[in-house]
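Structure, as structure tokens:
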Amino acid sequence: MKVAILLLNQGRGSGVVAKEHGKYLLGQGHVVYYIHPNVGKGIDGAINRDVHLNGKVVPVHEYLPSAKGTQKAVSSMGYEEALDYVPAYEDALEKIIEEIDIVIGHHANLTAIATANVCKRYNKPYVLFLHGTGIEPRHHGLYEDKVWQLIEDAIKGASGVIVTTEYVRDKLVRNMVDLPLDRFLIQACGVDVTEFNPKNTEGIAQKYSLPTRYLICPGALTKSKGPQNVVESSTQYSDLAETIFIGDGELREELETKLGKKGRFLGFVSNEDKAQLINAATLLVAAPEKREHFGIIYTEAMAGSVPIVAYEGGGVNSIVNADTGILTERSPEALGKAVRSLLLDDNRRSAMARKSRERAVEYYATEVLGPRLNQWLLGIVQAH
Numbered sequence: 003m004k005v006a007i008l009l010l011n012q013g014r015g016s017g018v019v020a021k022e023h024g025k026y027l028l029g030q031g032h033v034v035y036y037i038h039p040n041v042g043k044g045i046d047g048a049i050n051r052d053v054h055l056n057g058k059v060v061p062v063h064e065y066l067p068s069a070k071g072t073q074k075a076v077s078s079m080g081y082e083e084a085l086d087y088v089p090a091y092e093d094a095l096e097k098i099i100e101e102i103d104i105v106i107g108h109h110a111n112l113t114a115i116a117t118a119n120v121c122k123r124y125n126k127p128y129v130l131f132l133h134g135t136g137i138e139p140r141h142h143g144l145y146e147d148k149v150w151q152l153i154e155d156a157i158k159g160a161s162g163v164i165v166t167t168e169y170v171r172d173k174l175v176r177n178m179v180d181l182p183l184d185r186f187l188i189q190a191c192g193v194d195v196t197e198f199n200p201k202n203t204e205g206i207a208q209k210y211s212l213p214t215r216y217l218i219c220p221g222a223l224t225k226s227k228g229p230q231n232v233v234e235s236s237t238q239y240s241d242l243a244e245t246i247f248i249g250d251g252e253l254r255e256e257l258e259t260k261l262g263k264k265g266r267f268l269g270f271v272s273n274e275d276k277a278q279l280i281n282a283a284t285l286l287v288a289a290p291e292k293r294e295h296f297g298i299i300y301t302e303a304m305a306g307s308v309p310i311v312a313y314e315g316g317g318v319n320s321i322v323n324a325d326t327g328i329l330t331e332r333s334p335e336a337l338g339k340a341v342r343s344l345l346l347d348d349n350r351r352s353a354m355a356r357k358s359r360e361r362a363v364e365y366y367a368t369e370v371l372g373p374r375l376n377q378w379l380l381g382i383v384q385a386h
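Start counting the sequence shown at 3; every next residue gets the next number (my numbering).
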């Protein structure tokens, strides 16, 4: 097959997942075109193509405060402003569409509109990967109605829809857009079980002067990601272990003051260091304000044999089970007490570490998830 993957921007979670899909398809001998603004190195082995935007402002799903004025959420744009971006995505796709067998468009957003428009013109099948961040704003009354109608039409016209969990399918997509169940592929986010591996920790403790035991909390330091809840919870267990935060955002200065000597903020680190920091951790802790749609950090931790303590709700409930971690009620006190209980129970924590790795390898490894995606896409191409 020749597969085009179109993204609104380089993404964070969605970018990681798109690259995993692309790498697997390349490994099966398919040709992959990887397309988004500022694509840079893209995917090794793929044909990487830029979307050439007219201005400096990149359309996004979620506005990052650290991005200053270089990003704008499509959900907050007027109709004319939003639609001004669509031709650039269409142009990038149209240049290669005649040789493409199928297109994977990411997000319920402008990329869905562009994908649908081009594929309909050239009678090509397309599927949409509906990450929750694209569709969630509509649940809060955002998106200009005329913009959303075009997005909804694109979703309804897709040959298939990929979602990461039943939560995304049922609570974010199907109660907004009426689609039959057989249109969906539930495809969890894959994890590289070589990179995220308990043996991949060499030199990381020395590089960051890490204590023997520590908790890791990865993610943007924004309210929705909940680092403030983790800082508050740390009063329950700080005598047993430090909490190490990786990532940055507008809350950093305030949270550093509140955390004090109970842990550290490392800011942004390389992907290689992130993996090793997670692999070397005693526990992973997370307390997002919103119910996460999937949460790649949880599968990464499990692959690294790191048990999880996190807020329940959303997609995390389908990932973390009683063998691999503890999901608590959504309060810092409950979170902190659960962390403390695991830090004091070496046998239970060791059993969870072992089961975490086993679960990641069995259900979330890229080499396990890849064949399902491959067969699903082939079926759609053959049926078209």
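The C-beta atom is built at its ideal place from N, Cα and C for all residues, glycine as well.
query: Expected contact under 8 Å - CB spacing of VAL88 and LEU112 to nearest Å; result: 6 Å
query: DSSP state of ASN50 mapped onto helix, strand, coil; result: strand
query: CB-CB length for LEU223 against GLY251, believed under 8 Å; result: 3 Å
query: Nearest candidate by alpha-carbon position, reference GLY265, set VAL232, PRO290, ILE280; result: VAL232
query: Residue-level contact to chain B via CB, TYR87, 9 Å cutoff; result: Within the model displayed, chain B is absent; a lone protein chain is all it includes.
query: Rounded straight-line distance, which links the Cα of VAL120 to that of GLY31; result: 25 Å
query: ARG293 in three-state terms, based on DSSP; result: coil
query: Contacts around GLU197, its chain only, beta-carbon distance under 7 Å, and the 5 residues preceding and following it disregarded; result: ALA277
query: Whole-angstrom C-beta distance between ILE7 and GLY24, which should lie under 8 Å; result: 6 Å
query: Runs of beta strand (DSSP E) wholly within the region 183-216 (minimum 3 residues, chain order); result: 186-188
query: Candidates VAL76, GLY316, PRO229, LEU345: closest to ALA283 by CA position; result: LEU345
query: Beta-carbon gap between ILE102 and LYS74 smaller than 9 Å; result: no
query: Proximal residues to PRO290 (C-beta, below 6 Å), its chain only, five neighbours per side dropped; result: LYS227, GLY228
query: 8 Å contact criterion, which TYR239 and GLY338 should meet: CB distance rounded; result: 6 Å
query: Spatially closest choice to SER343 from ARG215, VAL311, GLY162, by CA coordinates; result: VAL311
query: Alpha-carbon to alpha-carbon, GLU360 and THR245; result: 25 Å
query: Pair within 9 Å by beta-carbon distance, ILE280 and ALA303; result: yes
query: Closer than 8 Å: LYS264 CB and nearest the ligand SAH heavy atom; result: In terms of ligand content, the structure shown is empty, and the ligand SAH therefore cannot be addressed.
query: Residue burial classification, LYS21 (beta-carbon count within 10 angstroms, cutoff 16); result: buried
query: Distance CB(LEU371)-CB(GLN189) smaller than 9 Å; result: yes
query: Where LEU10 falls, given that 16 or more other Cβ within 10 Å makes a residue buried; result: buried
query: Whole-number beta carbon distance between VAL195 and ALA367, since they are thought to touch under 8 Å; result: 5 Å
query: Reduced DSSP category for ALA288 - H, G, I as helix; E, B as strand; rest coil; result: strand
query: Given ILE99 as reference, the closest of ALA305, ALA110, GLU256, THR117 once Cα atoms are compared; result: THR117
query: contact_flag[the region 132-149, the region 167-179] where n(CB pairs < 8 Å) is 3 or more; result: yes
query: C-alpha distance - ASP155 paired with ALA110, whole-angstrom precision; result: 10 Å
query: Sub-9 Å separation of ALA94 and ILE49 beta-carbons; result: no
query: Distance between GLU83 and LYS225 (C-alpha atoms, nearest Å); result: 28 Å
query: Same chain only: Cβ atoms within 6 Å of LEU286, ignoring 5 sequence neighbours per side; result: ILE218, ALA303, VAL308, ILE310
query: When CYS191, GLY249, PHE186 are compared against SER320, the one with the closest alpha-carbon; result: CYS191
query: VAL165 and VAL5 closer than 9 Å at C-beta; result: no
query: Neighbour-count burial assignment, SER352, 16 or more Cβ in a 10 Å radius; result: exposed
query: When GLN208, GLY317, ASN199 are compared against GLU168, the one with the closest alpha-carbon; result: GLY317
query: Neighbourhood of VAL59 by C-beta distance below 8 Å, restricted to the same chain and skipping five residues each side; result: GLY71, THR72, GLN73, LYS74
query: Cα-Cα separation, MET79 to TYR300; result: 33 Å
query: Range covered by the alpha helix (DSSP H) that runs through VAL232; result: 229-235
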